[in-house]
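This report refers to the structure that appears directly beneath it.
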Amino acid sequence: MTHRIAISARTAPEPAEEDVGAAEATAARESAAESASDDTGIGDLDAAADSETAGDAEAAGARTPRRSALRMLLRPSRSVIGVVLIAVVPAGLAAAAITLGLAHRDSDRVGDRDLAVLSAARQEVVNLISPSAKDPTASANRIAADATGQWLAEFRAVKDKFVGAIDESKTDSTGEILGAGIEHHNPDGSTTVLVTAVSKVSNSTGAKDDPRTWRLRVDVVDEAAGYKLSKVEVVP
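The following block contains the structure:
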């Protein structure tokens, strides 16, 4: 029987609808001017991932949200961040808290294995959203060391481009987990975990500790070397 487990997720009050609408309108006007600089070096990451796996339509469909995770790591747009902060953080975290809270209510206790899975997912997501231009190769190696299966294959395909983009954009990011909960246990032995996080991003395009929110769905597998991520998807 599948148990749904959850741990700490903080809630925030929902913003007024007119405030969200105003923020989205402002962001839409700003994003047109910023879009050219936002995608510098990011398109190459997508192209590299596509060329590695051409001809596999099913895999390509699964890769799209995981490439988005890499794109978000490098995207400096402050207008996008503004919309996320105003619209996603209060409403999204409140919804996540309700979902995770219901999952917790349905569970009698958290097993040792589930605690280990959640701990691994939290740390590995922090590593994923915290690249540093001080040593971009080490940042990429940490991500690869935490990966296996589909996620490892995808990241390896763009690893060199990723390192180059982090170095060129002088991106430094520090991640923090806001909440994590087990969504379900899968027949293949993996565990799907929902993670909400925030990172503070600085880069050469003008971002200075700009907050960026993340809602990720990751699959965690237990291997001889420890728990690793086999899938990473951005939750819209």
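Using my numbering, the first residue of the sequence shown is number 13, and each one after it goes up by one.
Ideal Cβ positions, reconstructed from N, Cα and C, are used throughout, including at glycine.
If you're wondering where the values come from, they're calculated on a predicted model, not measured in any experiment.
CA-to-CA distance, residue j to residue i, given in whole angstroms
i, j, result
"serine 91", "arginine 224", "Below a pLDDT of 50, predicted positions are generally treated as unreliable, and serine 91, at 37, falls in that range; the measurement from the model is reported next regardless. Using only the alpha carbons, I get a separation of about 11 Å."
"histidine 196", "phenylalanine 174", "31 Å"
"isoleucine 194", "arginine 168", "27 Å"
"lysine 243", "glutamine 162", "6 Å"
"serine 214", "aspartate 221", "5 Å"
"aspartate 58", "threonine 217", "In this prediction, aspartate 58 scores a pLDDT of 48, lower than 50, which makes its location untrustworthy; no coordinate-derived value is stated."
"tryptophan 226", "proline 248", "9 Å"
"serine 131", "alanine 177", "29 Å"
"glycine 123", "glutamate 245", "25 Å"
"leucine 140", "alanine 152", "8 Å"
"alanine 219", "glutamine 135", "24 Å"
"alanine 192", "arginine 125", "15 Å"
"leucine 164", "threonine 208", "21 Å"
"leucine 127", "threonine 183", "32 Å"
"leucine 206", "aspartate 200", "18 Å"
"glutamate 235", "asparagine 198", "15 Å"
"leucine 228", "arginine 154", "18 Å"
"alanine 237", "lysine 146", "27 Å"
"proline 102", "glutamate 166", "Low confidence applies here, because proline 102 scores a pLDDT of 45, under 50, leaving its location unreliable; read the following figure in that light. Cα to Cα, proline 102 sits roughly 32 Å from glutamate 166."
Boundaries (first-last residue) of the beta strand (DSSP E) holding residue i
i, result
"alanine 192", "184 to 197"
"valine 247", "Here valine 247 belongs to no beta strand (DSSP E), and DSSP marks it neither H nor E."
"aspartate 234", "222 to 235"
"threonine 203", "203 to 214"
C-beta contact flag for residue i and residue j at 8 Å
i, j, result
"alanine 133", "valine 230", "yes"
"valine 138", "isoleucine 189", "yes"
"serine 211", "serine 181", "no"
"serine 142", "glycine 187", "yes"
"alanine 12", "lysine 240", "The first residue shown for the chain is 13 and the last is 248, placing residue 12 beyond what the model contains."
Extent of the continuous alpha helix (DSSP H) run through residue i
i, result
"aspartate 158", "No alpha helix (DSSP H) holds aspartate 158; DSSP gives it neither H nor E."
"aspartate 124", "124 to 140"
Beta-carbon separation (whole angstroms), residue i vs residue j, contact threshold 8 Å
i, j, result
"threonine 203", "valine 170", "Contact flag wrong, Cβ pair sits at about 26 Å."
"proline 148", "aspartate 172", "10 Å between Cβ atoms; not a contact."
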